[in-house]
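See below for the structure under consideration.
Set out below in structure tokens:
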């Protein structure tokens, strides 16, 4: 399926000079949504213990991927959103800074982890998530994205294999 036709460019969002890749039309089309979920699962070629999905758009497919891979689901959230003991990592976005948190007991030493988010841009978010997983003893098997923005070179920050359905 041509997923690109379901991606809309939003100019100057969330700030001037940024072109946001909006996946909302993809989510709103039942056939595209289902096909995207299946395609994301097919990109994983090795056993996974946990799928780590990133707040907030990573959540849309993270649970579906985890269920299909018979893996646990671990949400990484923005600071202050998780109820139990957490560890955190500050990171830079292409348009600002933020802090991510993960439950301190979410990943066990040796867990094989797939990280999933909607877009890989500058790599700051994905690198922060990788750092959190590694700090807890997880082994990052792969990082999956719907979209990868090659021109921003985010993949250069990541040590794990990166796969995406769409590359710009």
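Residue numbers (the numbering used here): 6 to 173.
We treat Cβ as the ideally placed atom computed from N, Cα and C, and that holds for glycine.
Note to self: Tell me the rounded alpha-carbon separation between residue 140 and residue 133.
What the structure shows: 10 Å
Check: What are the boundary residues of the alpha helix (DSSP H) that includes residue 152?
Finding: Note, residue 152: premise wrong, no alpha helix (DSSP H); beta strand (DSSP E) at 144-153.
Margin query: Out of 89, 7, 28 and 129, which one is the CA nearest neighbour of residue 14?
Written below: 28
Checklist line | Given residue 254 as reference, the closest of 136, 10, 93 and 35 once Cα atoms are compared | finding: Here the chain covers residues 6 to 173 and nothing more, so residue 254 does not appear.
Checklist line | Contacts around residue 71, its chain only, beta-carbon distance under 6 Å, and the 5 residues preceding and following it disregarded | finding: 56 and 78
Item checked: Range covered by the alpha helix (DSSP H) that runs through residue 69 -> 64-73
Note to self: Our contact map puts residue 53 next to residue 167 with C-beta atoms below 8 Å; I'd like the distance itself, whole angstroms only.
What the structure shows: Contact flag wrong, Cβ pair sits at about 15 Å.
Note to self: Quick check: what's the CA-CA separation for residue 91 versus residue 42?
What the structure shows: 29 Å
Next item on the list: Measure how close the beta-carbons of residue 67 and residue 113 come, nearest whole angstrom, since I'm counting them as under 8 Å.
Entry: About 18 Å; that fails the 8 Å criterion.
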